[in-house]
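Q: If you scroll down you'll find the structure; I have some questions about it.
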Amino acid sequence: MDYALKYRLFPDSQQREQLDWVRDTVRQLYNHSLYRYNRIPETEGTVKQRVTQVRDEIPDLKDWWTDLTNIYSTVLQQAVEQIATNIENLGKLKQKGYSVGSLNWKAPQEYRSFTYRQRGFELDEKSGPNGRGLLTLKKVNGDTIDVPIRLHRPLPDDVDVKHVTVKKDQTGAWYACLNIEEGAPEKPAPDEIDTEDTVGLDLGITNFHDSDGRQISRLDLSSDRERLEREQRKLSRKEHRSNNWEKQRQTVAEVHKRMRQKKLDFKHKVAAFYTSEFDAVFVEDLNVKSLLEDDKNGRNTHEIGWRAFITILKHHGNKRGCHVVEVDPEDTTKECNQCGVKTEKPLWVREHSCPSCGFETDRDYNAALNVWERGLRKLGVVHSEATPAETGTAVDTDAIHEVSASSVVETGSPCLKERTA
1 MDYALKYRLF PDSQQREQLD WVRDTVRQLY NHSLYRYNRI PETEGTVKQR
51 VTQVRDEIPD LKDWWTDLTN IYSTVLQQAV EQIATNIENL GKLKQKGYSV
101 GSLNWKAPQE YRSFTYRQRG FELDEKSGPN GRGLLTLKKV NGDTIDVPIR
151 LHRPLPDDVD VKHVTVKKDQ TGAWYACLNI EEGAPEKPAP DEIDTEDTVG
201 LDLGITNFHD SDGRQISRLD LSSDRERLER EQRKLSRKEH RSNNWEKQRQ
251 TVAEVHKRMR QKKLDFKHKV AAFYTSEFDA VFVEDLNVKS LLEDDKNGRN
301 THEIGWRAFI TILKHHGNKR GCHVVEVDPE DTTKECNQCG VKTEKPLWVR
351 EHSCPSCGFE TDRDYNAALN VWERGLRKLG VVHSEATPAE TGTAVDTDAI
401 HEVSASSVVE TGSPCLKERT A
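With our numbering, the residue at position 189 of the sequence shown is 189, and numbering never jumps.
In structure tokens form, the structure reads like this:
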């Protein structure tokens, strides 16, 4: 299993200039390679083959573009091969219904990272004070530099760092993303999972509900949002591209970054809890794209980040050996968990009260129970609960071991999923 760990870098002023020089030169190479790629006819091969053809031109480029000789070779190769990855990602978005165009050249503010693959870097975790280390990067504008790095969490034992991506964010801070490969724990077989070790999650705007009765309130970012509005108003009053405008732009970027980090921290903590406590977690396969296009609650839907949470949940599930299963979200709120009768509920109605069987509970808890049961069926977990029977119109009561009846209906039978008169 591959995943990345992000650490803060602390380069000095000279190292910042060198890293910026590499970033901008790699950006220019990317733009040149995109130009060359667009001039190659489609008949000469697949996307990957044409990108490889452009990548193989790098040694000849160094003869007249001497700046490339001051950058590590794998960094240059990765920049060119990124074109194929970007085209593949555009294809995936197109399959999902998004309107996409072609790749464009990158402006200086749009290209923010470069990547070392396999070699060209070294990490010394024991150098410096506690929690600090040194990241050595080769051929940064021709020099080998040692950049202090904050190791806020240790690397797992016996793992190799495959790639190092050096990135500058909108605030001007530098980070290193270490891509490592670690063996993923084996997930339990569905027929060996106990239903008590499974849980269903109903993802709501104001809170998350699970089938065990827990309720996780939404992260409160009201104060951060108010500060963001104040800082954005200040930015709008500055002269565009002036020094004061640039300083205020960084302030706005820092507020955005703080809010983003809070939301990611919240999602990671929730995902870590559920994947640690349970063998299987079931969530709704929500069509977030259509929900964001709705003009009723798009802002809150975007801020809560359901799809990002599901992605993080799957990551933690693979990391901890937990099944994460997405189920059909249709009518999970309307359908009664006890009898299956569907009841229309406006958004302001927060209680579920079934007119058929009389089952009453919280609206979101009822939805979480439906998600849980659908997840059990989809994953193939055996439901071991007893199914008592309802009998009607007893004919005789003399027999000790048998009761004659005109009808016998098991609880959970499809017969009970129909509305009663």
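Glycine is no exception: its CB is placed at the ideal position from the N, C-alpha and C atoms.
Provide the residue(s) that pair with LEU427 in DSSP beta bridges, ordered along the chain.
A: A question about residue 427 goes unanswered here, because the residues of the chain that appear run from 1 up to 421.
Q: Along the chain, where does the beta strand (DSSP E) that runs through LEU203 open and close?
A: From DSSP, the beta strand (DSSP E) with LEU203 extends over 198-203.
Q: Quick one: what's got a C-beta closer than 6 Å to ARG36's C-beta in the same chain, skipping five residues either side?
A: The residues are VAL54.
Q: Bridge partners of ASP146, per DSSP?
A: DSSP lists THR136 as partners of ASP146.
Q: Excluding sequence positions up to five away, which residues of its chain have a Cβ less than 8 Å from the Cβ of MET1?
A: Within the same chain, MET1 has close Cβ partners GLU181, GLU182, GLY183, ALA184, ASN318, LYS319.
Q: Are the beta-carbon atoms belonging to PRO108 and VAL381 less than 9 Å from one another?
A: Cβ atoms of PRO108 and VAL381: not closer than 9 Å.
Q: With DSSP collapsed to three states, give me the class of ARG39.
A: Note: ARG39 maps to coil in three-state DSSP.
Q: Quick check: GLY120 and VAL75, are their CB atoms within less than 9 Å of each other?
A: In contact: GLY120 and VAL75 (Cβ atoms closer than 9 Å).
Q: Give the DSSP-derived three-state secondary structure of HIS302 in the structure shown.
A: Looking at HIS302 - three-state DSSP - the assignment turns out to be helix.
Q: Does any CB atom of chain C fall closer than 9 Å to the CB of THR165?
A: This model lacks chain C altogether; it includes just one protein chain.
Q: Could you say which of VAL140, THR198, GLN15, LEU178 lies nearest to PHE282 if we only look at CA atoms?
A: Looking at the Cα atoms, THR198 is the closest of the given residues.
Q: What does the alpha-carbon distance come out to for the pair ASN89 and ASN70?
A: C-alpha separation (whole angstroms): 30 Å.
Q: Could you give the first and the last residue of the continuous alpha helix (DSSP H) run that contains HIS268?
A: It spans 243-277 - the alpha helix (DSSP H) in which HIS268 sits, taken as one unbroken run.
Q: Only counting the same chain, and skipping five residues up and downstream in sequence, which positions put a Cβ closer than 8 Å to that of LYS162?
A: Hits under 8 Å: ASP2, ARG117, GLN118, ASN179, ILE180, GLU181.
Q: Can you give me the C-alpha to C-alpha distance between THR333 and ASN366, rounded to a whole angstrom?
A: One C-alpha to the other measures close to 7 Å.
Q: DSSP state of THR85, grouped into three classes?
A: DSSP places THR85 in helix when its eight states are reduced to three.
Q: Are the beta-carbon atoms belonging to LEU5 and LEU29 less than 9 Å from one another?
A: No, these two residues do not count as a Cβ contact at 9 Å.
Q: What three-state label does DSSP hand GLU192 in the structure shown?
A: In the structure shown, GLU192 sits in a helix (DSSP, three-state: H, G or I).
Q: Measuring alpha carbon to alpha carbon, tell me which of ASN370, ARG23, LEU376 ends up nearest ASP169.
A: With distances taken between Cα atoms, ASP169 lies closest to ARG23.
Q: By alpha-carbon positions, which one of LEU221, TRP245, ARG218, ARG241 ends up nearest to GLU231?
A: Here the closest residue by C-alpha is TRP245.
Q: Using alpha carbons as the reference points, say which of GLU125, VAL147, ALA176, ASN130 lies closest to PRO156.
A: Cα-wise, what sits closest to PRO156 is GLU125.
Q: Mind checking who PHE282 pairs with in its DSSP beta bridge?
A: BP columns for PHE282 point to GLY200, VAL325.
Q: Distance, Cα to Cα, VAL325 vs ASN207?
A: Using only the alpha carbons, I get a separation of about 20 Å.
Q: CA-CA distance, LEU34 and VAL100?
A: Taking the straight line joining both Cα atoms gives about 17 Å.
Q: Mapping DSSP to helix, strand and coil, what is LYS106?
A: In this structure, LYS106 counts as coil in the three-state DSSP scheme.
Q: So, helix, strand or coil for TYR175, using DSSP?
A: Note: TYR175 maps to strand in three-state DSSP.
Q: Quick check: what's the CA-CA separation for ASP279 versus HIS240?
A: Approximately 53 Å between the Cα atoms of the pair.
Q: Among ASN370, GLU330, HIS315, THR46, which residue has its Cα nearest to the Cα of CYS336?
A: Answer by Cα proximity: ASN370.
Q: Compare the beta carbon distance of VAL47 and ALA79 with 9 Å and say whether it is the shorter of the two.
A: Result no, Cβ atoms of VAL47 and ALA79 do not sit closer than 9 Å.
Q: Within a Cβ cutoff of 6 Å, which residues of the same chain sit near SER211, ignoring the five residues on either side of it in sequence?
A: Hits under 6 Å: VAL199, GLY200, ALA368, LEU369, TRP372.
Q: Can you say whether GLY142 is buried or exposed, counting buried as having 16 or more other CB atoms within 10 angstroms of its CB?
A: GLY142 is exposed by the Cβ-count criterion.
Q: Answer with buried or exposed for TYR72, where buried requires no fewer than 16 other C-beta atoms within 10 angstroms of its C-beta.
A: The residue is buried, with at least 16 neighbouring Cβ atoms inside 10 Å.
Q: Please say whether ILE149 and ALA176 have beta carbons closer to each other than 9 Å?
A: Taking 9 Å as the Cβ cut-off, ALA176 and ILE149 qualify as a contacting pair.
Q: Taking contact to mean 3 or more Cβ pairs, one atom from each stretch, closer than 8 Å, check whether the region 255-270 and the region 214-228 are in contact.
A: Verdict: yes, contact present.
Q: Classify VAL349: buried if its beta carbon has 16 or more other beta carbons within 10 angstroms, exposed otherwise.
A: VAL349 should be labelled exposed.
Q: Here's the rule I'm using: 16 or more other beta-carbon atoms within 10 Å means buried, otherwise exposed. How should SER113 be labelled?
A: It is buried - the Cβ of SER113 has at least 16 other Cβ atoms within 10 Å.
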